Every structure is written in structure tokens, then in C-alpha cells.
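The structure appears right after this line, and notes come after that.
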Amino acid sequence: MNQIQHYLNGRHVDGRSERFAPVYNPATGEQSAQVALASADETREAIASSEAAFATWSKLSPLKRSRILFTFKALVEEHADELAAMISREHGKVFSDAKGEVTRGLEVVEFACGIPHLQKGEHSMNVGTGVDSYSMMQPLGVCAGISPFNFPAMVPMWMFPIALACGNTFIMKPSEKDPSTPMRLAELLSEAGLPDGVFNVVNGDKEAVDVLLTDERVQAVSFVGSTPIAEYIYATASAHGKRVQALGGAKNHMVVMPDADLDQAVSALMGAAYGSAGERCMAISVAVPVGEETAERLRAKLVEQLEQLRVGPGIVEGPDNDMGPLVTREHLEKVKGYIQAGVDEGAELVVDGREAVIDGAGDGYFVGGTLFDRVTPGMRIHSEEIFGPVLAIARAASFDDAVAMINDHEYGNGTAIFTRDGDAARQYCEQIQVGMVGVNVPIPVPMAFHSFGGWKRSLFGPLHMHGPDGVRFYTRMKTITQRWPSGIREETNHFTMPTL
Ligand code: NAD
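Just so we're aligned, residue 1 is where the sequence shown starts under UniProt numbering, counting upward by one.
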């Protein structure tokens, strides 16, 4: 049995807790590895290692830190196929999608390579007579990242490249469902020349996480995962004086206006709803056609497209499938349970993925693409995040009704509007209570040099991930106001209160 342990001080270290979690290949249902779950003591040792490494890493010139990241970028590119196959084997997503994930992560590394420019700070001369003021963006110390199963490469890469570039050390606690890729990234960082202890990986569960949230040596916590855990992370780590960014779950709606290019909208919807088996925080899970006629046309085209959706293993000879299995058997059962809940609550099940015949499925955790119509707010399949290949059509009578339905929802991660009307699009962008908005773009994930984050219960904390917010999150601003007395140029005695 393949053993996945921890990565501390630049090498693999065996866990001592004797607690393990199984790791599966979702395409076959076979257990492929077991991952060690760190004890509280082991986690504290990792923090001690990161704290020791901070003393020298934080003093290194940003230029030298950035050169290590340039080398890391080249190594990730060189190993992109290997990383993508690793992701697909543990997560289940199709190979091309896994490669896309690696690329999106790499873009954050590219952004972080610019840290000498990004961390320059501010300077004002003569804020008073002979007085200058400047701000420095100093690293925080030991930072921790806790990531979800659905992007085992990209989400860690939203966090650590910027944290490290800013001069922090970092402890990664990956999802226990697919931990191999973050471990491989740790090896590549060492190969790129990162000093030992600057990036440590602690595998584990709540026991390890709770130490990261409460130990006073950890300065900041970045989290991505489900909303109940995000809320817990935010409350606990903030109560222990840390800065926190905790990204949670989502229910993303796509409004289709009567004037939209329907072929374009349907093709966008298919990828956004069923890509990665719907296990994306930016997946579209609710289509909101405006008007009955739009709804009928949209539904007919979706049914047509669903018949052609290729579902199967993530790694195959020849062209990729469109969609792979779900991550675990437990999650498969949960998604099937939601499909049943939709039927029980009176939604119209148009295409039932539970009945799909899937080539090569074996004992893998497969369910086919599913489509519901006449879904209304209040039904669980509308209010809750399913995180599977289940698309709901929730019909709206008007633009205002569509906006109200979305604004009333507890989540506010991403959304999109498909229309040819600039005024409708503009109104939508202004009124919608969601953090990331696409206009004729189904999954509006901001690029690495912008910041990523939702609103409402999709994000706890003021700062989003990566981009300018990422640099702000991983640095502490110190503002210096300085005045140099004339010193040897002029002798003066001052006995009165100095004023600017
Ligand atoms: P999860 O919340 O179950 O787990 C996330 C992380 O938290 C894992 O590392 C896990 O080990 C840890 N964890 C789980 N339970 C814990 C507990 N009780 N105490 C402390 N730590 C705990 O999430 P998941 O199932 O791995 O990922 C899917 C979720 O992540 C979805 O809700 C999805 O929307 C969300 N997500 C959000 C974004 C975003 O940007 N908003 C991005 C990706 C995924």
C-alpha cells in the first residue's frame, strides 16, 4: 500500500500518530494509498520548523525569493503531465481539466514572481516640513493553508506562492482525499532551491487543523472548503488573534435573457455545470431563463446536449471524456440523495444521471449528467450546494425576478448573465450581490493578478485570494514617519512641542 506521510524540513517524514485515512482512485473504486493524519504534537513540530525557517527566509531579498519561484515555475511546467495524471488518479477529473488546473495555479506563481515590484510599499515626501512618510509591507511569519479536495494543485497554489514570495513560511494542510499533488509540489519547491522548512506539508484532519487555528506562532490562516467549516475556521482562528480568509461553498446561477445567443449559452452551461462532475466552487448549478419561451428553448437544447455528454474515467486512451467520476463513494451517495430529494420536493426530473450507462465505469463513483426543470427557491436542490453534475432550471418571469432570486440566496460566489443587451448586463453587474460576475462568460474566475472571492456565506474575512488582496493578506503594513534633524549641518535646541 502506497503511504503518504508529511513533508517537513525539505524531506518526507513518517507520521507517528498511527492514524491514517484511505485514498481512493474514484475511477475504479480501489484504494490507492493511505495518508497519515498528524497528531497535535506533530503539527506543533511543523510549526516550530516553519518558525525557525522564517528568521532567514524573511530577510532574504525579494529578488532572490522570486528567482526561486521562477525555477519552481519551470519545474511545474516540466512536470505538468505528471501532476495532471496524479490529480486525475485521486480526484477523478479528466486529464485535460486537471492540466487546466495546473495552469491556473501556475499563473499565481507567475504573479508572485513579480514580488519585488508588488512589495515596494508607499512613500510620500514632505508630508510636513522636512518630514517623509513611507510604508513597508513586512511578512507576517508562519502562515497556514487548509485546502479542499476539488483543486489539489490550484487551491494550494492560490496561497503559498504569494505567502512565500512575501517572505513568510507556510504550512500546507491538504485535503486528505487527494494529498499526493501538494506533496509533489513540496518536492518541486525543494528542487527549485527553497530552503528547508520554508514550506512544510502536514497531512491530517481536524486534529491538525485545530492546532493551526489556535497555536500562537501561526499568524494567518487561508482556508478553502465548505461553508460550515469555513465559518468554524474563521471564528476559531480570529478568536486566536490571527488574520483569516475562509472561502466557503457556492450555488452559482446563470441568467439567460430572451435575447441571448442560445447556442453559445448552452455550450457555456454544459461545461460550467458538468465539467469536473460539477465539483467546482464556480460551477453553474442553476440556470435561470427569463421568460417561458426562453426556458422551453433552453431546456430542449440542454437535453440534446446531455445526450452527447461523454462520462467515463479521467485517464483514457484517445480523446478525453467530458466528465469523470465523483471523488468518493460517500459523495456519490450524497449526490444521488439530492437527486431523490429534488423528485420528492416536486421538481421535474428531465434527465436522470442515476440511470446513465457509463462505459468503463466498473466500481467507480460515476453518475451521469442530471437536469431538473421547474426548480423553485425553497427546494433543497436550490438552496443547498450539491457539488455534483446536477443542473437545475429555475424559471424567472423577469430580469428583476431573476436578480431577486439570486440576491436572496445565502451564497454569493459566482454568477453569469447571457444577453446581447449592454444595459441589462450593466444593471446586472451593479445590482447582483455576488463576488464574481461573468457577462457572456460562464465561469468568471479572475486571473491571478486580480483577486478571487465571493460574497455573503461564500467568504468569511475581508480579503480575497491572490492578486493584490493576496499580497495585502500575507503582509503587514508598517508606516514610518521620519524627520532628520539638521544634525551636523545646523545646531538648534528645541524646547517646544514639535508640530509639522
Ligand atoms: P471540506 O470543508 O470538507 O474540507 C476542506 C478542508 O477542511 C480539508 O482540508 C479538510 O480536511 C478540512 N476539514 C474538514 N472538516 C473539518 C473540521 N471539522 N475541522 C477542521 N478542518 C476540517 O470541503 P471539501 O469537501 O474538501 O471541498 C468542497 C467544498 O469546498 C465545497 O463546498 C466547495 O464549494 C468549496 N470550495 C470553495 C471554493 C471557493 O473558492 N469558495 C473553492 C473550492 C472549493
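By construction, the Cβ of each residue, glycine as well, lies at the ideal position given by its N, Cα and C atoms. Bear in mind that the values here come from a model prediction, so they are computed numbers and not experimental data.
task = Starting from the N-terminal side, write out each stretch of the alpha helix (DSSP H) that is 4 residues or longer and does not extend beyond the segment 182-236.
result = 206-214
Inter-stretch contact (C-beta, 8 Å, three-pair minimum) for the segment 211-224 and the segment 381-388 = no
ask   = Between which two residues does the alpha helix (DSSP H) harbouring residue 271 extend?
value = Your numbering for residue 271 matches position 271 in the sequence shown. Counting along the chain, the alpha helix (DSSP H) containing residue 271 begins and ends at 262-274.
query = Between residue 252 and residue 121, which are expected to be in contact by the criterion C-beta below 8 Å, what is the C-beta distance as a whole number of angstroms?
reply = Within the sequence shown, numbered from 1, the residue matching residue 252 stands at position 252. Within the sequence shown, numbered from 1, the residue matching residue 121 stands at position 121. Actually they are not in contact, since the Cβ atoms of residue 252 and residue 121 sit about 37 Å apart, beyond 8 Å.
task = Give every residue of the same chain whose Cβ lies closer than 6 Å to the Cβ of residue 111, excluding the five residues on either side of it in the sequence, and list them in chain order.
result = In the sequence shown, counting from the first residue as 1, residue 111 sits at position 111. Within the same chain, residue 111 has close Cβ partners 448 and 449.
request  = List in chain order: all unbroken alpha helix (DSSP H) runs of 4+ residues lying wholly within the segment 44-118.
outcome  = 62-78, 80-91, 95-112 and 115-118
query = Quick one: Cα of residue 380 to Cα of residue 186, how far?
reply = Counting from 1 along the sequence shown, the entry for residue 380 is found at position 380. Counting from 1 along the sequence shown, the entry for residue 186 is found at position 186. Spanning the two alpha carbons is a distance of roughly 40 Å.
key: Spatial distance of residue 59 from residue 65 (CA atoms)   = Numbered from 1 along the sequence shown, position 59 holds the residue referred to as residue 59. Numbered from 1 along the sequence shown, position 65 holds the residue referred to as residue 65. In a straight line, the C-alpha of residue 59 is about 10 Å away from that of residue 65.
task = Could you say which of 228, 389, 472 and 335 lies nearest to residue 286 if we only look at CA atoms?
result = Locating residue 286 in the sequence shown gives position 286, counting from the first residue. Nearest option by C-alpha distance: 389.
message = For residue 477, count the other beta carbons within 10 Å of its own beta carbon; 16 or more makes it buried, fewer makes it exposed. Which is it?
response = Within the sequence shown, residue 477 is the residue found at index 477, counting from 1. When all chains shown are included, residue 477 counts as exposed.
ask   = Going by the beta-carbon positions, is the gap between residue 442 and residue 271 smaller than 8 Å?
value = The count along the sequence shown starts at 1 and reaches residue 442 at position 442. The count along the sequence shown starts at 1 and reaches residue 271 at position 271. Against a cut-off of 8 Å, the Cβ pair of residue 271 and residue 442 comes out as a contact.
ask   = Looking at the structure shown, is residue 296 part of a helix, part of a strand, or coil, going by DSSP?
value = Counting from 1 along the sequence shown, the entry for residue 296 is found at position 296. Correct three-state label for residue 296: helix.
message = Are there any heavy atoms of the ligand GDP lying less than 7 Å away from the beta-carbon of residue 15, as far as the coordinates show?
response = This structure lacks the ligand GDP; its bound ligands are the ligand NAD.
query = Considering only residues of the same chain and omitting the five flanking positions on each side of residue 260, which have a CB-CB separation below 6 Å?
reply = Counted from its first residue, the sequence shown places residue 260 at position 260. Taken in chain order, the residues that qualify are 418 and 419.
message = Can you give me the C-alpha to C-alpha distance between residue 162 and residue 69, rounded to a whole angstrom?
response = What you label residue 162 is simply residue 162 of the sequence shown in a count that begins at 1. What you label residue 69 is simply residue 69 of the sequence shown in a count that begins at 1. One C-alpha to the other measures close to 10 Å.
task = Spatial neighbours of residue 115 within its chain, please: CB distance less than 6 Å, with the 5 preceding and 5 following residues excluded, ordered by chain position.
result = Counting from 1 along the sequence shown, the entry for residue 115 is found at position 115. Closer than 6 Å at Cβ, skipping near neighbours: 62, 66 and 165.
ask   = Mind checking whether the beta-carbon of residue 413 lies closer than 7 Å to any heavy atom of the ligand NAD?
value = Here residue 413 refers to the residue found at position 413 when the sequence shown is read from its first residue. Result yes, Cβ under 7 Å from the ligand NAD.
query = How is residue 147 classed by DSSP in three states: helix, strand or coil?
reply = Residue 147 sits at position 147 when you count from the first residue of the sequence shown. Correct three-state label for residue 147: coil.
request  = Look at the Cβ atom of residue 326, then the Cβ atom of residue 365, and state whether they are nearer than 8 Å.
outcome  = The residue you call residue 326 lines up with position 326 of the sequence shown. The residue you call residue 365 lines up with position 365 of the sequence shown. Going by C-beta atoms, residue 326 is nearer than 8 Å to residue 365.
ask   = When the Cα atoms are used, what is the spatial distance from residue 307 to residue 359?
value = In the sequence shown, residue 307 corresponds to position 307, counting from 1. In the sequence shown, residue 359 corresponds to position 359, counting from 1. Taking the straight line from one Cα to the other gives about 14 Å.
inquiry  = Using only CA atoms, which one of 242, 244, 291 and 336 lies nearest to residue 506?
reply    = Because the chain in this structure spans residues 1 to 500, residue 506 falls outside the shown range and cannot be described.
ask   = Closest by CA to residue 52, which one among 217, 349, 2 and 158?
value = Counted from its first residue, the sequence shown places residue 52 at position 52. Closest option to residue 52, Cα to Cα, is 217.
inquiry  = Does the beta-carbon of residue 338, which I'm using as the reference point, lie nearer than 7 Å to any heavy atom of the ligand NAD?
reply    = Here residue 338 is taken as the residue at index 338 of the sequence shown, counted from 1. The answer is no for residue 338.
inquiry  = Short of 6 Å in beta carbon distance, which residues of its chain neighbour residue 179, apart from the five on each side in sequence? Order them along the chain.
reply    = For this step, residue 179 is matched to residue 179 along the sequence shown. Once the five neighbours on either side are set aside, the close Cβ partners of residue 179 are 4, 35 and 203.
ask   = How is the beta strand (DSSP E) around residue 417 delimited, first residue to last?
value = In the sequence shown, residue 417 corresponds to position 417, counting from 1. Counting along the chain, the beta strand (DSSP E) containing residue 417 begins and ends at 414-418.
ask   = Run through DSSP, which three-state label would residue 242 get?
value = Translated into positions along the sequence shown, residue 242 becomes position 242. Note: residue 242 maps to coil in three-state DSSP.
inquiry  = Considering only heavy atoms of the ligand NAD, does any lie closer than 7 Å to the CB of residue 148?
reply    = As a working note, residue 148 is residue 148 in the sequence shown. Within the cutoff, so yes.
task = Count the other CB atoms, across all protein chains shown, that sit within 10 Å of the CB of residue 227; report buried if there are 16 or more and exposed otherwise.
result = Here residue 227 is taken as the residue at index 227 of the sequence shown, counted from 1. Answer is buried; the Cβ neighbour count reaches 16.
key: Segments assigned alpha helix (DSSP H), at least 4 residues, entirely inside the segment 418-500   = 422-431 and 467-473
message = What residue range does the alpha helix (DSSP H) around residue 340 cover?
response = Along the sequence shown, read from residue 1 onward, the residue named residue 340 stands at position 340. 329-344 is the extent of the alpha helix (DSSP H) around residue 340.
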